[in-house]
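Okay, so here's the structure we're looking at.
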Amino acid sequence: MDPRTLFKLSYGIYVVSSKLGDLLNGQIANTVFQVTSEPQTIAVCINKQNLTHEFIEKSKVFAVSILGKSAPMPLMGRFGFKSGRELNKFEETRFRPGQTGAPIVLENSIGFVEAEVVGSLSVGTHTIFVGKVVNAEPLADEEPMTYAYYHEVKRGKSPKTAPTYIKEEPGKQVEGKAADTKREQSMEKTMQKYKCTVCEYVYDPAKGDPDSGVKPGTPFEKLPADWVCPVCGADKSAFEKVS
Ligand code: FE
């Protein structure tokens, strides 16, 4: 069996959010899908360890903010690699409460769907929550971010708690394609890549970090001292050379 085959399944990238009393939380999820049209029903798959899971289980409501292709890595990092137990993710995020009370992300969202939980299925590490759609609105006319785009173009990684996480084997390209151009390959010889030990994001000098204003061709050593991992927010000291 080749688990990489599963990368051929396609997904979007969403912020699934919920509330508990006055508390709000949300997380990146790629497993969101419509299951029926009459009535309109959607399902989300959430890791049991996550705070959002606890909130959905108790409040029985959730919102799905659909991220557009322009969503920057810091937004993905805030919602994908940090826990709501350690920070209030919505304190630094533009949002509005939905009619269920679950927060709707207004940064880089192209639309949202709100639902009330009508059923759930425990699947080992995760729960699939099924929700009746109670509200849905488009927010922008941009193409949705896809899971493939996030990995291939944005060079994003999946946290270990993602349902689709597959451990990378050293020296093996699990994302399938490293379609770097010849120019980039020659630059790689002279410019060392560095990997974040927290989230496995790889800083590639040939690509820079455009979301944080770092131009392509910037060596790791020349990054500003206050530069942080665009995915998880770890500082430069968390990075090690890629051998
Ligand atoms: Fe990181």
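Position in the sequence shown counted from 1, then plus 1006, gives you our numbering. The beta carbon of each residue, even a glycine, is placed where N, CA and C say it ideally should be. Model, not experiment: these values are computed from the prediction.
(request) Tell me whether residue 1207 counts as near ligand 1, meaning its Cβ is closer than 7 Å to at least one heavy atom of that ligand. (result) yes
(message) Taking the straight line between their C-alpha atoms, what separation do you get for residue 1116 and residue 1218?
(response) 22 Å
(message) Given a cut-off of 8 Å on the beta-carbon distance, is the pair residue 1139 and residue 1125 in contact?
(response) no
(message) Is it the case that the stretch 1024-1043 contacts the stretch 1097-1109, given that we only count it when at least three CB pairs across the two stretches are under 8 Å?
(response) yes
(request) Tell me whether residue 1177 sits in a helix, a strand or coil according to DSSP, three-state version. (result) Because the pLDDT of residue 1177 is 46, which lies under 50, any placement of that residue in the model is unreliable, and the number read from its coordinates should be weighed accordingly. Looking at residue 1177 - three-state DSSP - the assignment turns out to be coil, as it is neither helix nor strand.
(request) Report whether the distance from the Cβ of residue 1204 to the nearest heavy atom of ligand 1 is below 7 Å. (result) yes
(message) Bridge partners for residue 1012 per DSSP, in chain order?
(response) DSSP output for residue 1012 lists no bridge partner at all.
(request) Quick one: residues in its chain with C-beta nearer than 8 Å to the C-beta of residue 1202, no 5 flanking neighbours on either side, listed in chain order? (result) 1208, 1209, 1235, 1237, 1238, 1240, 1244, 1245
(message) DSSP three-state label for residue 1102, please.
(response) strand
(message) Using only CA atoms, which one of 1072, 1059, 1054, 1200 lies nearest to residue 1017?
(response) 1072
(request) Return the first residue and the last residue of the beta strand (DSSP E) that residue 1125 is part of. (result) 1115-1129
(request) Provide the residue(s) that pair with residue 1074 in DSSP beta bridges, ordered along the chain. (result) 1150
(request) Give me whichever residues DSSP pairs with residue 1035 in a beta bridge. (result) 1020
(request) For residue 1107, collect the residues of the same chain with a Cβ closer than 7 Å to its Cβ; drop the 5 residues on either side in sequence, then sort them by chain order. (result) 1025, 1067
(request) Verify the contact flag: residue 1235, CB atom, against every heavy atom of ligand 1, threshold strictly below 7 Å. (result) yes
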